Structure formats: structure tokens, C-alpha cells
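Residue numbers (the working numbering): 9 to 423.
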């Protein structure tokens with residue numbers, strides 16, 4: 009099967025790269041093994057919240073020069089980074105993904121623990137505030153769905169009360185929810201979202217909320233609405249007696265799944281081929297070029313292209329494999345930048361920066377992969393599989409995914 013570009017990985021980075029190339033008239037295929045980091049998405053896109061030494065960042069673009077030379081943002085360059093960040097907001101909007109923020113300064117979202125978490129951009133249904141000290145109201149009614157264990161109302165109330173917000177906690181049950189609750193394995197955010205996609209279920213839910221309401225400034229709900237469409241979220245807000253504050257839950261992330269589905273739908277509507285549930289198992293590399301990619305499902309039918317993009321994620325997506333002695337990239341056998349001494353991979357203090365998170369595939373300055381010290385001229389690397397940055401410490405995972413994908417697309421398009 010012949011394409012202009014073959015992309016390995018159907019997460020945020022792979023989809024954004026494919027969308028830009030398809031829009032420019034290129035024919036692309038995305039090989040996606042299935043679940044990716046977007047299923048664990050908090051609803052906020054982080055660009056840069058901290059420097060590698062832990063120094064807090066409020067103005068991400070101004071902090072780029074303080075990053076190490078091999079950081080993906082330094083390779084892109086500050087001017088280009090601003091351009092790609094702005095382009096990412098537009099691309100998301102074109103795919104029906106509504107967002108808030110995206111300016112020069114970082115904002116904040118309410119995390120699942122109730123504490124503010126820095127974000128440069130947020131989905132429109134996730135509450136976005138300008139300061140971690142900003143009160144979202146004087147009184148809050150925090151509501152959970154009875155039997156739903158992935159939303160901790162006590163944590164949220166404790167964090168709010170430290171800000172001087174009066175809190176009441178309540179749970180809601182309806183006959184529709186009770187039927188789902190009878191099977192404990194079904195009380196997950198995605199299953200609740202499927203239930204709430206029905207107008208009758210939403211109406212019954214909102215009726216119970218109105219019974220609990222007592223002149224509160226805000227109503228806090230778990231972000232378990234709108235798996236397939238924003239209309240469910242809009243309906244909840246429209247029929248609520250007060251301002252709704254949606255807070256992310258433990259995975260799976262309903263807003264993240266919805267975002268991925270919208271991006272995938274747009275990619276396919278543009279003519280892209282999305283090979284869902286398939287896995288790239290091997291790339292044939294001859295004389296410094298990828299000639300073809302072999303996948304698990306296609307068997308003898310190989311994928312060939314002028315260019316290839318590896319956006320297979322880090323350890324979670326099996327883009328990187330770590331055993332006791334080494335870290336490897338399994339599809340192409342690329343060079344990986346990691347510490348040879350295993351005792352330096354991690355910090356015994358779980359909450360400290362973990363060095364292994366920053367391991368990744370080596371590239372040249374154009375994000376072209378390296379193998380045995382040589383550049384693979386038609387193989388680009390995007391997103392969390394890259395080395396040179398620590399997405400957890402820096403809060404930069406989404407930003408690197410978006411901007412490297414757009415930068416690589418420009419290289420492929422000759423811009």
C-alpha cells in the first residue's frame with residue numbers, strides 16, 4: 009500500500025501531523041495500536057510549567073532559552089514555537105475541538121484532586137482560571153454520581169476550602185444510573201458518558217441536581233459528559249441552576265477520548281487512512297532510508313511512502329521498551345539516549361524527577377531519527393518518544409506533541 013507519508017502512532021502527535029499533511033494534499037496512513045495517552049488526558053494542554061531544575065514558569069515562550077540545547081523546543085526555536093502553538097489552536101478548532109487559553113501566559117485548570125494545575129490551553133468544558141489563587145466562587149455544591157469511585161469529592165472539597173470556598177458534597181442517583189451501577193465493572197467514566205448521551209438520562213440527572221441545589225455559586229461535576237459530542241456538555245450547562253465546573257476524573261478520560269475521536273474523524277474525512285488496532289512491527293531500512301513498514305495485521309502487504317513519522321509514544325504506548333539493562337526502540341531499532349548505569353534511571357523518592365522519563369530516541373536538528381550513529385533521511389520522530397525533555401516534570405508533554413508534529417509536517421512539505 010503506497011502513501012505519501014506513513015505515521016506510526018494514532019495519539020495527539022500522530023493525528024496532528026496527519027491532519028496537517030492531509031490538508032496540504034498529501035495522502036497519509038496512520039497505524040494505531042489502540043489506546044494512547046489521550047485516554048489519560050486531564051483536559052489541559054501543557055506547554056511548559058517548569059524548567060528542568062524545577063523553577064516554575066508562567067510565561068512559557070520567554071523561558072525557552074533557559075532549556076537545554078537538545079530540548080525539542082530549542083530545536084524548533086522560540087519564534088517557530090509560538091507560530092506552531094498558535095497553529096495548533098487553529099487546527100484543533102477546525103476539527104471541532106473548542107479550547108480556552110492559548111495566550112502568552114500559562115493558566116490553570118482544576119485537577120482531579122481539586123488543586124489547581126498549570127495548563128497553557130484547556131478544552132472548553134474544563135474550567136480554566138488565570139491564577140492558582142483565583143476563587144471560582146464563594147460556595148460550591150460538589151456532586152458525584154453514586155457508586156462512581158473515580159471522582160473524589162472529599163479531596164476537591166478540602167482543596168476548595170483552603171481557598172475559602174464553602175463546600176457541600178452530595179451524590180446523585182437515578183433509575184438509569186442504578187441499572188449501570190448493578191455491574192461494578194461498568195461504573196467507569198466512559199460508560200457513564202454513554203448513558204448520559206441519552207436525553208432522558210441527562211434530564212433525570214439534572215432533575216436530581218436541582219433538588220440538591222441551594223443558591224450555590226458553582227456546581228462541580230465529574231467530566232463524564234460528551235463522549236461523542238459537545239452537545240451533552242452544552243445541555244448540562246444550559247439546564248443547570250448555576251455555573252458548572254467540570255473536573256477531570258481518573259482514567260479513562262471522557263474529554264480525551266472525545267478529542268481523539270474528533271481528530272480521527274477529521275483526518276478520515278480529509279481522505280486519510282486510519283489503521284485502527286494494527287501495530288507496526290518492523291521497518292526495512294536500507295542505505296539510510298526507510299523503504300517499507302510491516303504491520304501485524306496486514307501480513308505480506310507492506311506500507312511504503314516517501315516519508316515516515318514515528319509518533320508511537322513513550323513506554324506506555326510501547327514506543328520505548330525498557331528491560332533491566334537497556335532502553336530500546338522496537339520498530340526501527342533506533343538509537344536511544346539513556347543512562348547506561350541503571351541506578352541512575354530513577355530517584356527513590358517517587359515524587360522527585362525521574363530521569364528515565366527523559367530518555368528517548370536520538371534525532372538530528374530536524375527531528376530525523378538516528379540509527380547506528382547515522383541519520384535516517386526520511387524518518388521523523390515526534391512527541392513523547394523524543395529524548396531531551398521530561399514531560400512530567402516540565403508539564404510539556406502536550407506542547408511537545410503538538411509543536412514537533414507541526415514542525416515535522418513543515419519539513420515534509422519542504423517549508
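C-beta atoms are modelled at their ideal positions from N, C-alpha and C, and glycine is treated no differently.
For clarity, every value in this text was computed on a predicted model and none was experimentally measured.
Taking residue 241 as part of the beta strand (DSSP E), name the residues at either end of that continuous run.
-> The count along the chain shown starts at 1 and reaches residue 241 at position 233. Membership of residue 241 in any beta strand (DSSP E) is not indicated; the residue belongs instead to the alpha helix (DSSP H) covering 239 to 247.
Looking only at DSSP bridge pairs, what is residue 371 linked to?
-> Residue numbering aside, residue 371 sits at position 363 when the chain shown is read from its first letter. Bridge partners of residue 371: 377.
Nearest CA to the CA of residue 247: which residue from 263, 215, 223?
-> For this step, residue 247 is matched to residue 239 along the chain shown. Check the Cα spacing between residue 247 and each of 263, 215, 223: the tightest is with 215.
Please work out which residues of its chain come closer than 6 Å, Cβ to Cβ, to residue 270, disregarding the five sequence neighbours upstream and downstream, and give them in chain order.
-> For the purposes of this step, residue 270 is taken as the residue at position 262 of the chain shown. Closer than 6 Å at Cβ, skipping near neighbours: 103, 104, 105.
Helix or strand or just coil, what does DSSP make of residue 315?
-> As a first step, residue 315 must be located in the chain shown, where it is residue number 307. Secondary structure of residue 315 (DSSP, three-state): strand.
Residue 214 - containing alpha helix (DSSP H), residue span | As a first step, residue 214 is located in the chain shown; it is residue number 206 there, counting from the start. Taken as a continuous stretch (DSSP letters only), the alpha helix (DSSP H) holding residue 214 covers 207 to 220.
Out of 240, 159, 22, 55, state which residue places its alpha-carbon closest to the alpha-carbon of residue 132.
-> In the chain shown, the residue the question calls residue 132 occupies position 124. Ranking 240, 159, 22, 55 by Cα distance to residue 132 puts 240 first.
Per DSSP, which residues does residue 40 bridge with? Please list them.
-> Working through the chain shown from its first residue, we reach residue 40 at position 32. Beta-bridge pairing links residue 40 to 284.
Just confirm the distance between the C-beta atoms of residue 40 and residue 324, as a whole number of angstroms; I'd bet it's less than 8 Å.
-> Counted from its first residue, the chain shown places residue 40 at position 32. Counted from its first residue, the chain shown places residue 324 at position 316. The pair is not a contact, with the Cβ atoms about 14 Å apart (cut-off 8 Å).
Three-state secondary structure (DSSP) of residue 184 = Counting from one through the chain shown, the residue named residue 184 turns up at place 176. It is helical.
Can you give, in chain order, each stretch of the beta strand (DSSP E) that sits fully within the segment 48 to 110 and has at least 3 residues?
-> As summarised for the segment 48 to 110, the continuous beta strand (DSSP E) elements at least 3 residues long and confined to that stretch are 107 to 109, given in chain order.
Distance between residue 174 and residue 87 (C-alpha atoms, nearest Å) | For this step, residue 87 is matched to residue 79 along the chain shown. For this step, residue 174 is matched to residue 166 along the chain shown. Each residue's Cα considered, the two are about 44 Å apart.
Residues bridged to residue 147 (per DSSP) = The count along the chain shown starts at 1 and reaches residue 147 at position 139. Looking at the DSSP assignment, residue 147 forms a beta bridge with 174.
Near residue 387, which residues of its chain fall below 6 Å by C-beta distance, leaving aside the five closest residues on each side in sequence?
-> Indexing the chain shown from 1 puts residue 387 at position 379. For residue 387, the CB contacts under 6 Å within the same chain, skipping 5 residues up- and downstream, are 298, 316, 377 in chain order.
Going by CA-CA distance only, name the one from 118, 368, 68, 294 that's closest to residue 167.
-> As a position in the chain shown, residue 167 is number 159, starting the count at 1. Selection 118, 368, 68, 294 evaluated against residue 167 yields 118 as nearest (Cα-Cα).
Simplified DSSP state of residue 418, which is helix, strand or coil | Working through the chain shown from its first residue, we reach residue 418 at position 410. Assigned with DSSP and collapsed to three states, residue 418 falls in helix.
Could you give the distance in angstroms between the alpha-carbon of residue 25 and the alpha-carbon of residue 413?
-> Position 17 of the chain shown, counted from the start, is the residue given in the question as residue 25. Position 405 of the chain shown, counted from the start, is the residue given in the question as residue 413. Going from the Cα of residue 25 to the Cα of residue 413 covers about 5 Å.
Which residues in the same chain as residue 50 place their Cβ atom closer than 6 Å to its Cβ, once the five residues preceding and following it in sequence are excluded?
-> Locating residue 50 in the chain shown gives position 42, where the first residue counts as 1. Spatial neighbours of residue 50 in its own chain (CB-CB distance under 6 Å, excluding positions within 5 residues in sequence) are listed in chain order as 256.
Start-end ranges of the beta strand (DSSP E) lying completely within the segment 288 to 353, minimum 3 residues | Entirely contained in the segment 288 to 353, the beta strand (DSSP E) runs reaching 3 residues are, in chain order, 288 to 294, 297 to 303, 312 to 318.
DSSP-derived helix/strand/coil call for residue 1 | Since the first residue shown for the chain is 9 and the last is 423, residue 1 is missing from the structure and cannot be characterised.
Reference residue 312; option with closest CA among 322, 306, 300 = Walking along the chain shown from the start, residue 312 turns up at place 304. Of the listed residues, the one whose Cα sits closest to residue 312 is 300.
Whose C-beta lies closer than 7 Å to the C-beta of residue 379 among residues of the same chain, with five residues either side of it excluded?
-> The residue labelled residue 379 in the question sits at position 371 within the chain shown. The beta carbon of residue 379 is closer than 7 Å to those of 293, 340, 341, 342, 343 in its chain, skipping five residues each way along the sequence.
Terminal residues of the alpha helix (DSSP H) in which residue 201 lies | Mapped onto the chain shown, residue 201 falls at position 193. Here the alpha helix (DSSP H) through residue 201 covers 197 to 204.
Using a Cβ-Cβ cut-off of 6 Å (strictly less than) and excluding sequence neighbours within five positions of residue 232, which residues of its own chain qualify?
-> Numbered from 1 along the chain shown, position 224 holds the residue referred to as residue 232. Only 197, 200, 201, 262 meet the Cβ criterion.
With distances taken between CB atoms, is the gap from residue 410 to residue 27 smaller than 9 Å?
-> On the chain shown, residue 410 is found 402 positions in, with the first residue counted as 1. On the chain shown, residue 27 is found 19 positions in, with the first residue counted as 1. Between residue 410 and residue 27, the CB-CB gap reaches or exceeds 9 Å.
Close-in-space but distant-in-sequence residues of the same chain around residue 146 (CB under 7 Å, 5 per side omitted) | Counted from its first residue, the chain shown places residue 146 at position 138. Apart from the 5 residues on each side of it in sequence, residue 146 sits with its Cβ closer than 7 Å to the Cβ of 173, 174, 225 in its chain, given in chain order.
Would you tell me roughly how many angstroms separate the C-alpha atoms of residue 23 and residue 33, rounded to the nearest one?
-> Within the chain shown, the letter at position 15 stands for residue 23. Within the chain shown, the letter at position 25 stands for residue 33. Cα to Cα, the separation comes out at about 15 Å.
Assuming residue 407 contacts residue 368 under a Cβ cut-off of 8 Å, what Cβ separation, rounded to an integer in Å, is found between them?
-> Reading the chain shown from its first residue, position 399 is the one you call residue 407. Reading the chain shown from its first residue, position 360 is the one you call residue 368. Actually they do not touch by this definition, with Cβ atoms about 15 Å apart.
For the segment 108 to 138, list the beta strand (DSSP E) runs that are entirely contained and at least 3 residues long, ordered along the chain.
-> 115 to 118, 124 to 127, 129 to 131, all fully within the segment 108 to 138.
If you count every other CB in all the chains shown that lies within 10 Å of the CB of residue 137, and 16 or more means buried, which is it?
-> Walking along the chain shown from the start, residue 137 turns up at place 129. The residue in question, residue 137, is buried, as its Cβ has 16 or more Cβ neighbours within 10 Å.
Identify which residue in 296, 394, 68, 401 has its Cα closest to the Cα of residue 128.
-> Position 120 of the chain shown, counted from the first residue, corresponds to residue 128. Of 296, 394, 68, 401, the smallest CA-CA separation from residue 128 is found for 68.
State the Cα-Cα distance for the pair residue 169 and residue 73, rounded to the nearest angstrom.
-> Position 161 of the chain shown holds residue 169. Position 65 of the chain shown holds residue 73. Going by C-alpha positions, residue 169 is about 38 Å away from residue 73.
Measure how close the beta-carbons of residue 180 and residue 151 come, nearest whole angstrom, since I'm counting them as under 8 Å.
-> Here residue 180 refers to the residue found at position 172 of the chain shown. Here residue 151 refers to the residue found at position 143 of the chain shown. Going by Cβ atoms, the distance from residue 180 to residue 151 rounds to 6 Å, so yes, they are a contact pair.
Under three-state DSSP, which class holds residue 423?
-> The count along the chain shown starts at 1 and reaches residue 423 at position 415. Three-state DSSP puts residue 423 in coil, outside helix and strand.
Which residue's Cα is closest to the Cα of residue 143: 124, 101, 159?
-> Here residue 143 refers to the residue found at position 135 of the chain shown. Checking every option, the nearest Cα to that of residue 143 belongs to 124.
Run through DSSP, which three-state label would residue 261 get?
-> Position 253 of the chain shown holds residue 261. Note: residue 261 maps to coil in three-state DSSP.
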